Structure formats: C-alpha cells, structure tokens
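I have placed the structure first, in the form of structure tokens, so that the comments after it can refer back to it.
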Amino acid sequence: MGSNSFRLQIARVLDRQLFTLDSLKETVRLGAGLDADKVLDETTRQRALACLARFGERLRGFEPAQVRVVGTNTLRVARNAPEFMREAEALLGFPIEIIAGREEARLVYLGAAHAMPNTPESRLVVDIGGGSTEFILGSQFSARVTESLPLGCVSYTMRYFPDGKITRSAMRSAVLAARNEIQRISHTYTREQWQLAIGTSGTARSLRDMLELNDWSVRDITHRGMVQLSEAFIRAGCIDALAINGLKPDRAAVMPGGLAIMMAVFEELGIEVMCVGEGALRDGVLHDLMGRQRNHDQRELTVAAFARRYHVDEAQADRIQPLAEQFYRQLSGEDCEPDTLRQLRWAARLHEIGLTIAHTAYHKHAAYILQNADMPGFSRREQSELATLVLGHRGDMGKMQALVEEPDRWYAVVALRLAVLFYRRRMLLDLPAQLDLQARARGFALVLDGAWLDSHPLTASAFEQDVAQWQKIGFKLELVRR
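Residue numbering for the sequence shown follows the UniProt record's numbering, beginning at 1 and increasing consecutively.
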C-alpha cells in the first residue's frame, strides 16, 4: 500500500523460486490525500478503501500465513491511520503491517537483489516512492546500509508544482530541496562504497523509458539525459500538456517531483549512470514471506542480533523461555496462537535488554528500545506488541490495562511474568512436580505443589505480591496448593 499506488501480487513457489501468477495495480495517490495536519481526507480514504475491497475479493480463500500486507510512508505519518486501518483490514480480510522506513529499504533491496544476477559487486539501490525514497548499500542478497528519507514523487510534485505548473524556478527549488535532504546521508553513500547504481520502482522505469525513447540516453538513466528531459517538462509548462514518448498518463501527474528527486540523487551522490532493476518492494515482501515459511525469518536474526548487542544473559533467557512457553500452552490449549507464541519467545529472550541502560525500571528501558529501534523484519505493530509484553513482565500492572485487549495477549503477559518470578535467583531450579497454569473467569489459577512452595518462601512471597498487582486491574491470580 504505497503513497502513489496500491499493488497486489500473487506468486507460486516452485523449487525455492517465485513465479508470478497474477498482479493488480491501482493508482490511489494516498499521499496526495494528506492535508496540512497530516490527516487523510475523506475522498482519498474512500478511493483507497474501494481499491482494497476489490483486492479483498481476489484474496478470498487464502490462509493468513500465505498473505502479507504492508503499508509505507503515508500510513506511517497519517494521524488518522488507525481508523483507516480498521476499515481497510475488514475489507481485505488480513492484517496490515505499517513498516518503518529502513525496513521498507531492506525489503526493496531483497526484491531488487532477487531480480538481478548474483554477482559480487557492491550495489547502491535507490527507490523513489510516492512519499519516501529509500537508499541501500549491499552486495548479493545482503543489505549493508539502509536509509529512508521523506522525498516522494507525490509529495514533491504537490509541494513544488502546485496546480500542475512546471517552471524553471520550481524545478530548481525542488532539486535543491531534495539535495539538502540527501546531503544528510551522502557521506555514507560515497562513490567508493558502491560499484553499480540501480533504480527501482515506477519513477526509475519511467525515466529510463522516456530517456531511451526520446534518444536522450543510449541506455539506462544519465544526468545529461535528465537535464534534457527537465527542459522538455519546462517547455510544456504544465503537467496536462506533457506529451513525451514513454510517459504513461497515470505516471505524468507525479513525474515532475520524481524527476527532481532523481536529479538530486545523481548530483549529491556522484552517479554517472543508473541501470533499472525489475524487482522492488512487493517482490521483497514475497521473498521475505517465503523465507519465514522456510525457517529463514529475518526477525529471528534481528532478535539474536539484539541479544548480542545488549549483552543479554543467554543462560537466563534459556531458563525463562521454555517455562513461559509451557505456561502459555497450558492456558491456550488447542487454541494456541502461533504469532503470540513466537512473540512470547522473543520477549523471553529480550526482556532484559534494558539492563544495559540501568537496573532501575529496566523493563521500561527495554520496552522503549523495542518500540523505537530499527528492527529488520518487524512491522511497527509487531514491535509495539513485543514492547508491551516486555513492559509487562515486571512492575506495576496498572500500565498494562490500556495496552492489552485480547485474552490471548493476557495469556502471554502472565506466562512471561510468572516464568520470570520462578527464575528470579538466576539459577537452574527443580520445578514443582505439579505446575499447571489454568485460565479462569477474569483471571488465572497457578496449581502447584504446596510443599515446594513452603520450601521456597521468597518465591511464595513474590507470588503473593503479584496477586495484588493483578487485583489492581480487576484480574484474579490464584495460587492453588496441591
């Protein structure tokens, strides 16, 4: 769900390769519907929802594990995105993930890399979207550096070419503004860092087509060719008058902004020629989804990397994780939700990362990190859910009432919280022979060996304190001795 167009791509997996079966595209111009207060207007909302209703019809019959829906820049910044998302998800029949800019960049590179020969040279990939532009340095299938800047063909066309008028001063202003943004990251993307420049998505393809069909470039995209193209735009004077070979009608309305951004990219990063790649974000999403199904989940790699970065006590995580999973499975029974179980597992491994900042309120520090850090593979929603689980593993429960709604999520909270209590001494423990966590009406019952509890008075005291915490929010945590 981009700021310019919405796309649906359906592919079949054969021998670890993706073969496209069907694709749909609708020009929605979501980014053009943002007003000065970053609120999505009603006309654009309805246009987007109508498109998603049509996409939803095509997706009927698919299982949740087979579908991934991602939203980009406009949904990252729109103040009324939550309301729009509720309606959109109902029409699609699947959850929508709003991904961070750097995660978008990672997925763009993944899609581009799979559409190119697997050669060893270092690559610079640039993807100009409707509301943001992604910059990636990488080689083969690995993205090394990712950035996302608020430069989009929709937003720049609206800002610098209002009412569709194209003037020399407007083009100059748009290029300078884009260069000013790119300058902030240019030191990381110097010419020495890459050997091949690649453009992806609609803006790059349209530029290549116009330059080649009008003999302004022998091949690919060049700065000299774009200068000639900009002169043709200026001579036309307005978007409605653009009649250039290779320019499709649905692309013309946002092309002045896209051209200005690409010229700025070339000038600021010292690019001489840029080839155009066929793969982009939607291809990267499909490859990432395929990787999850084949146990090559980027999120697992990110969790492991965070554990190393924040010096997690792996032995403690190894103790807590299986017990938390045991409690969760006991509560959920046959209705065990795989996504929640996976989040619980990650929370068990990362709940102590805040200790690198301070012991006091470390659970709050950990939650802040998980909520706000760049976490490759994770959507914003997934990060928020993970942060909430970690926040709730200790301390006052009052903060949790507004953050957790579904019973399944409460199961995960109590499972992690009790597992942490059991292993507070940070040592291997002979657990009670009988240890069963049961769901009750508006609460939980922990059934365990009474003799074991008597021989562990500190643990028993911690349980009693936690009973009081759950009572604060209207839940009953009961200890049942057997």
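Every residue gets a Cβ at the ideal spot worked out from N, C-alpha and C, and that includes glycine. Since this is a predicted model, take the numbers as computed values, not measurements.
What residue from the options has the CA that sits closest to residue i's CA?
i	options	result
residue 355	390, 381, 384 and 72	390
residue 253	437, 262, 241 and 228	241
residue 38	80, 328 and 423	80
residue 445	378, 327, 96 and 396	327
residue 287	86, 25, 100 and 112	112
residue 190	220, 234, 206 and 136	136
residue 87	66, 73 and 47	47
residue 419	407, 405, 404 and 435	435
residue 464	430, 421 and 165	421
residue 129	280, 316, 440 and 310	280
residue 302	459, 31 and 378	378
residue 347	371, 232 and 334	371
residue 29	197, 482, 17 and 42	42
residue 134	166, 428, 325 and 100	100
residue 102	126, 245 and 480	126
residue 480	9, 232 and 447	447
For residue i, list the residues DSSP reports as bridge partners.
i	result
residue 13	18
residue 122	139
residue 203	Bridge partners of residue 203: none, in fact.
residue 34	40
residue 127	134 and 200
residue 25	7
residue 345	In the DSSP output, where bridge partners are listed per residue, residue 345 has none listed.
residue 222	273
residue 480	447
residue 439	444
residue 71	98
residue 238	165
With a cut-off of 8 Å on the beta carbons, I'd call residue i and residue j a contact; round off their distance for me.
i	j	result
residue 352	residue 297	At roughly 22 Å, the Cβ-Cβ gap does not stay under 8 Å, so residue 352 and residue 297 are not in contact.
residue 107	residue 284	4 Å
residue 25	residue 5	6 Å
residue 122	residue 142	With a Cβ gap of about 11 Å, residue 122 and residue 142 do not count as contacting.
residue 94	residue 64	6 Å
residue 342	residue 336	Their Cβ separation, rounded to whole angstroms, is 11 Å, which puts residue 342 and residue 336 out of contact at 8 Å.
residue 432	residue 454	No, residue 432 and residue 454 are not in contact; Cβ-Cβ is about 11 Å, not under 8 Å.
residue 220	residue 332	Not confirmed; about 54 Å, so no contact.
residue 290	residue 67	Not confirmed; about 13 Å, so no contact.
residue 442	residue 398	The Cβ separation is near 16 Å, so there is no contact.
residue 494	residue 59	The question about residue 494 has no answer here: the residues shown for the chain are numbered 1 through 482.
residue 166	residue 237	6 Å
residue 156	residue 170	With 8 Å as the limit, residue 156 and residue 170 do not qualify as a contact, their Cβ atoms being about 10 Å apart.
8 Å is my cut-off, CB to CB: does residue i come that close to chain D?
i	result
residue 76	Absence of chain D from the displayed structure is noted, only one protein chain being present.
Is residue i a contact residue of the ligand HEM, with contact defined as CB to any heavy atom under 7 Å?
i	result
residue 90	The ligand HEM is absent from the structure shown, which contains no ligands of any kind.
Assess, as a yes-or-no matter, whether the region 181-191 is touched by the region 199-218 under the definition of 3 or more beta carbon pairs within less than 8 Å.
-> At 8 Å Cβ cutoff, the stretches do not touch.
Inside the region 79-125 only - beta strand (DSSP E) runs reaching at least 3 residues | Runs of beta strand (DSSP E) with 3 or more residues, each lying fully within the region 79-125, are found at 96-98, listed in chain order.
Alpha helix (DSSP H) runs contained entirely in the region 139-193, provided each spans 4 or more residues | Taking only runs of at least 4 residues, the alpha helix (DSSP H) segments lying wholly in the region 139-193 are 153-160 and 168-182.
For the region 147-159 against the region 379-390, are there 3 or more C-beta pairs whose distance is under 8 Å?
-> Flag = no, the region 147-159 and the region 379-390 do not touch.
Please confirm if the region 51-59 is in contact with the region 71-78, defined as three or more CB-CB distances below 8 Å between the two stretches.
-> Here the region 51-59 does not lie against the region 71-78, with fewer than 3 beta-carbon pairs under 8 Å apart.
Is the region 253-265 in contact with the region 187-206, if contact means three or more CB pairs nearer than 8 Å?
-> Judged by Cβ distances under 8 Å, the region 253-265 makes contact with the region 187-206, as three or more pairs qualify.
Where are the alpha helix (DSSP H) runs, 4 residues long or more, that stay fully inside the region 278-335, in chain order?
-> Listed in chain order, they are 281-293, 298-309 and 314-332.
Just list the alpha helix (DSSP H) runs in the region 338-394, keeping only unbroken ones of 4 residues or longer that don't cross its boundaries, in chain order.
-> Whole alpha helix (DSSP H) segments, 4+ residues: 338-350, 362-372 and 380-391.
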